[in-house]
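Asks:
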Amino acid sequence: MNIVMILTDDHAAHAISAYGSAVAATPRIDEIAALGRRFDNCFATNSLCSPSRASILTGTYSHVNGVTTLVTPIDAAQPTFVSQLREAGYRTAMIGKWHMGDGPGHDPQGFDYWDVLIDQGEYVDPRFLSPSGLRTIPGYATDIITDLALAWISSLGAGEPYCVLIYHKAPHRPWIPSPAHRHLYEDPIPLPATFGDDYATRTSSARRAAMRIAEHLTLEDLKEAPPAGLSYDEEALWKYQRFMRDYLRCVASVDDNVGRVVDFLRARGEFDDTLLFYASDQGFFLGDHGWFDKRFMYEESLRMPLVLSCPSRVSPGVVDEMVTNVDWAQTILEAAGVPPHPRMQGRSFWPLLTDSAYAAADGVYYRYWEHDDVFHKAPAHYGYRTGRYKLIYFYNDGMGLPGCGWGAYPPEWELYDLVADPAEVRNVYDDPAYAVVREELKAAMWREQARLGDEPHPSQPKPVDA
């Protein structure tokens with residue numbers, strides 16, 4: 001079995017037509033979903049680019065792999081699913097957005113070939129770093145990354161099993177479309193239902209976030225200043241349309257290049273026997289609750305799009321069970337018949353894909369470590385999500401970006417009933433009707449922290465029944 005993972009940056013599930021998007025057209029990503037499985041409840045365990053990538057690669061949580069924030073680089077010598085595959089005889093490659101640090105100890109390891117963008121990378125004429133050094137490649141990043149990946153596969157000998165990670169910059173900020181897609185999405189884009197969320201029941205921890213479309217998109221993001229004379233609400237709507245058009249145009253380039261990979265594998269006669277992933281490193285707010293960006297444990301940020309196919313071994317369908325990005329490593333290794341490293345913390349969901357016995361998880365644990373009071377102002381928090389409820393603890397303390405203070409904010413709790421309130425606009429933590437559920441969730445979260453070896457914040461006492 002060959003393994004191809006296409007990963008994008010900040011591509012929300014609700015900007016994929018296979019997930020029911022009302023605005024995005026992604027026929028080639030949809031094709032993978034139709035021929036394989038669409039995961040409706042795949043979650044990031046730390047909704048931030050570098051930490052999520054580290055969890056995908058190592059099969060471990062942030063507190064184990066050490067990549068807790070954007071500025072905590074990876075120790076690239078630690079075991080990964082790629083290093084396990086390579087030891088088993090696979091040829092391996094990493095092409096595109098690495099974004100887990102660079103330099104000795106942090107550049108990709110465990111790969112036969114690697115060629116990666118510098119930090120966030122550029123959309124146009126991007127710089128690439130490889131063992132041979134740094135160079136600039138003319139063109140559009142999404143196309144170039146695909147070119148390099150397909151060229152590497154073509155260079156392999158007949159019958160050599162391979163694993164290639166094709167990691168795109170798009171559709172990350174500042175959303176620069178390719179010339180081929182700049183004509184798309186000229187019609188007005190519908191507003192999300194929660195665009196005008198007033199945060200009435202949210203904690204001050206959530207209300208502080210500097211991620212509002214109305215106030216925090218920059219001129220670099222928008223490419224032009226809003227027209228003069230607009231009211232606050234009118235300017236917010238103008239910024240939303242401007243942002244979404246460029247975002248969706250970047251997605252269109254991604255979709256085209258996903259199609260290029262599918263067509264290439266078919267032409268080689270390898271598509272049916274290739275485990276092909278399409279995913280993003282986390283979700284993204286697309287005007288939901290008036291926000292852009294990610295970081296929070298709310299659904300739009302927490303949920304990762306994940307579709308995969310391997311027609312010879314996986315029948316089509318939809319997976320409703322909760323899985324996380326920490327689970328991917330062990331799933332890939334089981335599919336390939338390669339033992340996981342004992343350090344890995346996830347669990348394989350390959351049995352779900354092959355109709356074998358599988359015990360669904362009771363809940364998933366999340367922790368966002370990068371507390372900062374300067375830039376995005378997204379506070380440190382952790383939480384626990386079950387099929388129906390979500391408990392969030394904003395402990396407001398911890399690891400921040402350089403130069404960021406932590407403020408004197410008290411810990412705060414939020415609780416959402418995802419059946420009664422799927423849009424998460426009503427925090428019911430203090431509602432007496434949820435008192436029993438609230439304490440049960442606290443105990444379940446504490447037990448999961450203990451199982452994973454994470455340390456609760458000192459401000460969180462151990463629940464009585466944990």
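Number 412 in full-length UniProt numbering belongs to position 412 of the sequence shown; there are no gaps in the numbering. For every residue, glycine included, the Cβ atom is placed at its ideal position computed from N, Cα and C.
#1: Just to check my reading of the structure: Cys-310 and Leu-276 have Cβ atoms closer than 8 Å, yes? What is that Cβ distance to the nearest angstrom?
#2: Could you tell me if Gly-96 is buried or exposed, where buried requires 16 or more neighbouring beta carbons within 10 angstroms of its beta carbon?
#3: Let me confirm a value: Tyr-232 is counted as buried when at least 16 other C-beta atoms fall within 10 Å, else exposed. Which label applies?
#4: Assign Ser-154 to buried or exposed, taking buried as 16 or more other Cβ atoms, counted over all protein chains shown, within 10 Å of its Cβ.
#5: Quick check on this structure: which residue in Pro-410, Val-23, Leu-391 and Asn-65 has the alpha carbon closest to the alpha carbon of Asp-187?
#6: Using 8 Å as the cut-off, can you tell me whether the region 320-332 makes contact with the region 354-364, which would need three or more C-beta pairs spanning the two stretches below that distance?
#7: Where are the alpha helix (DSSP H) runs, 4 residues long or more, that stay fully inside the region 172-243, in chain order?
#8: Beta carbon of Lys-377, beta carbon of Ala-210: below 7 Å?
#9: So, for Glu-412: in the same chain, excluding its five sequence neighbours on each side, which residues have a beta-carbon less than 6 Å away from its beta-carbon?
#10: Using a Cβ-Cβ cut-off of 8 Å (strictly less than) and excluding sequence neighbours within five positions of Val-261, which residues of its own chain qualify?
#11: From Arg-242 to Lys-390, what distance separates their C-alpha atoms?
#12: Can you name the residues that DSSP bridges to Tyr-167?
#13: Closest to residue 475 by CA distance: which of Ala-77, Thr-26, Gln-84 and Pro-73 is it?
#14: Could you give the first and the last residue of the continuous alpha helix (DSSP H) run that contains Glu-374?
#15: Taking the straight line between their C-alpha atoms, what separation do you get for Phe-296 and Pro-342?
#16: Please confirm whether Glu-424 and Thr-69 have their CB atoms less than 7 Å apart.
#17: From this set, Pro-73, Ala-443 and Thr-218, which residue's C-alpha is nearest His-106's C-alpha?
#18: Who are the Cβ neighbours of Val-307 in its own chain at under 6 Å, not counting the five residues just before and after it?
#19: Could you tell me the alpha carbon to alpha carbon distance between Pro-104 and Asp-75, rounded to whole angstroms?
#20: Determine the direct distance from the alpha carbon of Asn-46 to that of Leu-191, and round the result to whole angstroms.
#21: Mapping DSSP to helix, strand and coil, what is Tyr-61?
#22: Please determine, among Phe-284, Arg-438, Glu-160 and Tyr-416, the residue with the shortest C-alpha to C-alpha distance to Asn-2.
#23: What are the partner residues of Val-116, as DSSP defines its beta bridges?
#24: Of all the beta strand (DSSP E) runs that stay within the bounds of the region 268-337, which reach a length of 3 or more residues?
#25: I believe Ser-280 touches Asp-10 by the beta-carbon criterion, under 8 Å. Please report the beta-carbon distance rounded to the nearest angstrom.
#26: So who's on the other strand from Asn-2, going by DSSP bridges?
#27: Hey, quick one: how far does the alpha helix (DSSP H) through Trp-446 stretch, first residue to last?
#28: Just to confirm my understanding: we take residue 475, look at its own chain, exclude 5 residues before and 5 after, and list those with CB closer than 8 Å. What are they?
#29: Going by C-alpha to C-alpha distance, which of Ala-214, Arg-451 and Leu-265 sits closest to Asp-197?
#30: How many Å lie between Gly-157 and Gln-84 at the Cα?
#31: Looking only at its chain, what residues have a beta carbon closer than 8 Å to the beta carbon of residue 542, apart from the 5 residues adjacent to it on each side?
#32: Determine the extent of the beta strand (DSSP E) in which Ile-145 is found, giving its start and end residues.
#33: Under the rule that 16 or more other beta-carbon atoms within 10 Å means buried, what is His-183, buried or exposed?
#34: Considering only the beta carbon of each residue, do Lys-442 and Pro-463 sit closer than 7 Å?
#35: Provide the residue(s) that pair with His-381 in DSSP beta bridges, ordered along the chain.
#36: Tell me where the beta strand (DSSP E) around Asp-417 begins and ends.
Replies: Let's see:
#1: Start at 1 with the first residue of the sequence shown, and residue 310 comes out as number 310. Start at 1 with the first residue of the sequence shown, and residue 276 comes out as number 276. Indeed they touch by this definition, with Cβ atoms about 7 Å apart.
#2: Residue mapping note: residue 96 aligns to position 96 of the sequence shown, counting from 1. Buried, because 16 or more other Cβ atoms sit within 10 Å of the Cβ of Gly-96.
#3: The residue you call residue 232 lines up with position 232 of the sequence shown. Exposed.
#4: Residue 154 sits at position 154 when you count from the first residue of the sequence shown. When all chains shown are included, Ser-154 counts as exposed.
#5: By 1-based counting over the sequence shown, the position of residue 187 is 187. Taking only the C-alpha atoms, the option nearest Asp-187 is Val-23.
#6: yes
#7: 204-207, 213-216 and 219-222
#8: Locating residue 377 in the sequence shown gives position 377, counting from the first residue. Locating residue 210 in the sequence shown gives position 210, counting from the first residue. It is a contact, given that the beta carbons lie within the stated cut-off.
#9: Locating residue 412 in the sequence shown gives position 412, counting from the first residue. Excluding residues within five positions, the ones whose Cβ falls inside 6 Å are Thr-203, Ser-205 and Phe-394.
#10: What you label residue 261 is simply residue 261 of the sequence shown in a count that begins at 1. Val-4, Ile-6, Thr-146, Ala-149, Leu-150, Ile-166 and Leu-276, listed in sequence order.
#11: Mapped onto the sequence shown, residue 242 falls at position 242. Mapped onto the sequence shown, residue 390 falls at position 390. Using only the alpha carbons, I get a separation of about 33 Å.
#12: As a working mapping, residue 167 is identified with position 167 in the sequence shown. Leu-7 and Gly-96.
#13: Coverage of the chain is limited to positions 1 through 466, which leaves residue 475 absent and any answer about it impossible.
#14: Along the sequence shown, read from residue 1 onward, the residue named residue 374 stands at position 374. Note that residue 374 is Val in the sequence shown here, rather than Glu. Neither: Val-374 is in no alpha helix (DSSP H) and is coded neither H nor E.
#15: Here residue 296 is taken as the residue at index 296 of the sequence shown, counted from 1. Here residue 342 is taken as the residue at index 342 of the sequence shown, counted from 1. Between Phe-296 and Pro-342, the C-alpha separation is close to 30 Å.
#16: The residue given as residue 424 occupies position 424 in the sequence shown. The residue given as residue 69 occupies position 69 in the sequence shown. Going by C-beta atoms, Glu-424 is not nearer than 7 Å to Thr-69.
#17: Taking the sequence shown and counting its residues from 1, one reaches residue 106 at position 106. Of Pro-73, Ala-443 and Thr-218, the residue nearest in Cα terms is Pro-73.
#18: Your numbering for residue 307 matches position 307 in the sequence shown. Taken in chain order, the residues that qualify are Ile-32, Ala-33, Arg-38 and Tyr-278.
#19: Sequence index remark: in the sequence shown, residue 104 carries index 104 (1-based). Sequence index remark: in the sequence shown, residue 75 carries index 75 (1-based). About 9 Å.
#20: Taking the first residue of the sequence shown as position 1, residue 191 is located at position 191. Taking the first residue of the sequence shown as position 1, residue 46 is located at position 46. The alpha-carbon atoms of Leu-191 and Asn-46 are separated by roughly 27 Å.
#21: Along the sequence shown, one-based indexing puts residue 61 at 61. It is coil, neither helix nor strand.
#22: For the purposes of this step, residue 2 is taken as residue 2 along the sequence shown, with counting starting at 1. Checked all of Phe-284, Arg-438, Glu-160 and Tyr-416; the closest Cα to Asn-2 is Glu-160.
#23: Start at 1 with the first residue of the sequence shown, and residue 116 comes out as number 116. Gly-96 and Leu-129.
#24: 274-280, 306-309 and 317-319
#25: Residue mapping note: residue 280 aligns to position 280 of the sequence shown, counting from 1. Residue mapping note: residue 10 aligns to position 10 of the sequence shown, counting from 1. Yes, Ser-280 and Asp-10 are in contact; Cβ-Cβ is about 7 Å, under 8 Å.
#26: Taking the first residue of the sequence shown as 1, we reach residue 2 at position 2. According to DSSP, Asn-2 bridges with Thr-274.
#27: Your numbering for residue 446 matches position 446 in the sequence shown. Counting along the chain, the alpha helix (DSSP H) containing Trp-446 begins and ends at 435-452.
#28: Absent from the structure is residue 475, since the part of the chain shown begins at 1 and ends at 466.
#29: Indexing the sequence shown from 1 puts residue 197 at position 197. Ranking the options by Cα distance to Asp-197, first place goes to Ala-214.
#30: One-based indexing of the sequence shown puts residue 157 at position 157. One-based indexing of the sequence shown puts residue 84 at position 84. Rounded to whole angstroms, Gly-157 to Gln-84 spans 21 Å at the Cα level.
#31: As displayed, the chain neither begins before 1 nor continues past 466, which places residue 542 out of reach and without an answer.
#32: Numbered from its first residue, the sequence shown carries residue 145 at position 145. Careful: Ile-145 lies outside any beta strand (DSSP E), inside the alpha helix (DSSP H) at 141-154.
#33: In the sequence shown, the residue the question calls residue 183 occupies position 183. Exposed: under 16 other Cβ atoms inside 10 Å.
#34: Reading the sequence shown from its first residue, position 442 is the one you call residue 442. Reading the sequence shown from its first residue, position 463 is the one you call residue 463. It is a contact, given that the beta carbons lie within the stated cut-off.
#35: As a first step, residue 381 is located in the sequence shown; it is residue number 381 there, counting from the start. Answer is Tyr-368 and Phe-394, bridged to His-381.
#36: The sequence position of residue 417 within the sequence shown is 417, counting from 1. Asp-417 -> beta strand (DSSP E) spans 412-417.
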